[in-house]
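The numbering of the sequence shown is the UniProt record's numbering, which starts it at 1 and goes up by one. Heads up, the beta-carbon is just placed ideally off N, CA and C, and yes, glycines get one too. Remarks on the structure that follows.
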Amino acid sequence: MITVMESKSGKRAAPSRKEATHERIVEVAARAIRRSGYGGTGVADIMKEAGLTHGGFYAHFESRDALLAEAGDRAGAESVALAARVAASAPPGQALQAMMQAYLSQQHIDAIETGCPVSALGSEMPRQAPEVRRAATIHIKEMIDLFARQLPDWGQPQAHERAMAMVCALIGTTMVARAVDDPKLSAALCAATLKQLTPATA
Numbered sequence: 001m002i003t004v005m006e007s008k009s010g011k012r013a014a015p016s017r018k019e020a021t022h023e024r025i026v027e028v029a030a031r032a033i034r035r036s037g038y039g040g041t042g043v044a045d046i047m048k049e050a051g052l053t054h055g056g057f058y059a060h061f062e063s064r065d066a067l068l069a070e071a072g073d074r075a076g077a078e079s080v081a082l083a084a085r086v087a088a089s090a091p092p093g094q095a096l097q098a099m100m101q102a103y104l105s106q107q108h109i110d111a112i113e114t115g116c117p118v119s120a121l122g123s124e125m126p127r128q129a130p131e132v133r134r135a136a137t138i139h140i141k142e143m144i145d146l147f148a149r150q151l152p153d154w155g156q157p158q159a160h161e162r163a164m165a166m167v168c169a170l171i172g173t174t175m176v177a178r179a180v181d182d183p184k185l186s187a188a189l190c191a192a193t194l195k196q197l198t199p200a201t202a
C-alpha cells in the first residue's frame with residue numbers, strides 16, 4: 001500500500017518511486033491471481049505485465065507467498081469496498097437485496113479478473129501458505145459483517161448466522177455459474193439463488 005507523506009507545509013508528498021512500483025506490482029498480481037489462479041500466477045509473468053524485470057522482485061517482496069498474500073488482501077479489500085458502495089447507494093431498506101443482485105449479476109460473473117477473489121480462488125485457498133489464507137479470512141469476515149449489518153435483526157446471533165449462510169450461498173453459486181458452459185444454466189443458477197435468499201432479507 002502506498003504511504004502518502006505530509007510535508008511540514010501541509011502539502012501531501014507524492015509516493016516514492018519504490019512505493020509506486022510496489023503498488024503497481026500488487027495491482028497486477030491482484031488481477032492475475034483472479035484471472036489465472038494462485039498456481040497459474042508466476043513471478044516472472046507478473047513482473048513482465050507490470051513492465052518490470054524479474055530481478056527486481058525481491059526488492060519489494062520476501063517471497064512469492066508474500067506477494068500472493070498482499071495481492072489477495074488487495075483483491076479482498078476491493079471486493080468488500082464495492083459491496084459497501086452498493087449498499088450505501090441503495091434506497092432505504094434495499095441495501096441487502098442490492099448487494100445480492102450485484103454479486104450474482106452477469107457483470108460480476110463475467111468479471112473474474114476484477115471480482116470477488118473468494119469466488120475466483122476458493123477451491124485453491126486450502127492449499128495456500130498461512131499468510132495467503134489469513135488475508136482471505138480477514139476479508140471474508142468483513143463481507144459477512146457487512147451483510148449482517150443490513151439485516152433487520154442486526155446485532156442478534158441469528159443475524160450473523162444468516163449473513164454467513166448468504167455469503168456462502170453467493171460465493172458457491174458464483175463458482176458454479178462460472179464453471180458451467182451453458183449460459184442459460186448459469187443465469188438460472190444465479191436467479192434461483194437470489195429467489196431463495198430474498199425472503200431472508202425481510
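Taking Cβ to Cβ, would you say A90 is nearer than 8 Å to A84?
As a first step, residue 90 is located in the sequence shown; it is residue number 90 there, counting from the start. As a first step, residue 84 is located in the sequence shown; it is residue number 84 there, counting from the start. Not closer than 8 Å, so no.
Check the C-beta distance from G122 over to M175 and give it rounded, since I have them as a contact under 8 Å.
Stepping through the sequence shown from its first residue, residue 122 is reached at position 122. Stepping through the sequence shown from its first residue, residue 175 is reached at position 175. Right, their Cβ atoms sit about 6 Å apart.
Could you give the distance in angstroms between the alpha-carbon of R64 and the alpha-carbon of E131?
Walking along the sequence shown from the start, residue 64 turns up at place 64. Walking along the sequence shown from the start, residue 131 turns up at place 131. If I take the Cα positions, the gap works out to 11 Å.
Compare the beta carbon distance of M47 and F61 with 8 Å and say whether it is the shorter of the two.
Here residue 47 refers to the residue found at position 47 when the sequence shown is read from its first residue. Here residue 61 refers to the residue found at position 61 when the sequence shown is read from its first residue. No, they are not a contact pair.
Around the Cβ of D182, are there at least 16 other Cβ atoms within 10 angstroms (buried) or fewer (exposed)?
The sequence position of residue 182 within the sequence shown is 182, counting from 1. Exposed is the call here.
Y38 by DSSP, collapsed to three states: which one?
The count along the sequence shown starts at 1 and reaches residue 38 at position 38. Three-state result, Y38: coil.
Can you list, in chain order, the residues of its chain with a C-beta nearer than 7 Å to that of A159? Leave out the 5 residues immediately preceding and following it.
As a working mapping, residue 159 is identified with position 159 in the sequence shown. Taken in chain order, the residues that qualify are A148, L151 and D153.
I believe L170 touches L104 by the beta-carbon criterion, under 8 Å. Please report the beta-carbon distance rounded to the nearest angstrom.
As a working mapping, residue 170 is identified with position 170 in the sequence shown. As a working mapping, residue 104 is identified with position 104 in the sequence shown. Confirmed, Cβ separation roughly 6 Å.
Whether I109 touches A177 by CB criterion (8 Å):
If you number the sequence shown from 1, residue 109 lands on position 109. If you number the sequence shown from 1, residue 177 lands on position 177. Yes, the Cβ-Cβ distance between I109 and A177 is below 8 Å.
What's the C-alpha gap between A66 and A111?
Within the sequence shown, numbered from 1, the residue matching residue 66 stands at position 66. Within the sequence shown, numbered from 1, the residue matching residue 111 stands at position 111. Their Cα atoms are separated by approximately 25 Å.
Collapsed DSSP secondary structure at F61 in the structure displayed
Stepping through the sequence shown from its first residue, residue 61 is reached at position 61. Here F61 sits in coil by DSSP.
Burial state of P92, where buried means 16 or more other Cβ atoms lie within 10 Å:
Position 92 of the sequence shown, counting from 1, holds the residue named residue 92. Per the 10 Å Cβ criterion, exposed.
Just to confirm my understanding: we take E124, look at its own chain, exclude 5 residues before and 5 after, and list those with CB closer than 7 Å. What are they?
Mapped onto the sequence shown, residue 124 falls at position 124. Around E124: G37, Y38 and G39.
Grouping DSSP H, G and I as helix and E and B as strand, with all else coil, what is S89?
For the purposes of this step, residue 89 is taken as the residue at position 89 of the sequence shown. Reduced to three states, the DSSP call for S89 is helix.
Using a Cβ-Cβ cutoff of less than 6 Å, which residues in the same chain neighbour L185 once the five nearest sequence positions on both sides are dropped?
As a position in the sequence shown, residue 185 is number 185, starting the count at 1. Counting only Cβ-Cβ distances below 6 Å, and skipping sequence neighbours, we find nothing.
Between the Cα of A77 and the Cα atoms of T53, V26 and P126, which residue gives the shortest distance?
Reading the sequence shown from its first residue, position 77 is the one you call residue 77. Of T53, V26 and P126, the residue nearest in Cα terms is V26.
Residues in the same chain with beta-carbon distance under 8 Å from R133, minus the five sequence neighbours each way, listed in chain order, please.
Numbered from its first residue, the sequence shown carries residue 133 at position 133. M125 and P126, listed in sequence order.
Whole-angstrom distance between G55 and M164, CA atom to CA atom
Against the sequence shown, residue 164 aligns to sequence position 164. Against the sequence shown, residue 55 aligns to sequence position 55. So the two alpha carbons sit approximately 43 Å from each other.
Which first and last residues belong to the alpha helix (DSSP H) in which D110 is found?
Along the sequence shown, read from residue 1 onward, the residue named residue 110 stands at position 110. Taken as a continuous stretch (DSSP letters only), the alpha helix (DSSP H) holding D110 covers Q106 to D110.
V86 to Q106 span [Cα, whole Å]:
Here residue 86 refers to the residue found at position 86 of the sequence shown. Here residue 106 refers to the residue found at position 106 of the sequence shown. Whole-angstrom Cα-Cα distance: 16 Å.
For E113, three-class secondary structure by DSSP
Mapped onto the sequence shown, residue 113 falls at position 113. Residue state, collapsed to three classes: coil.
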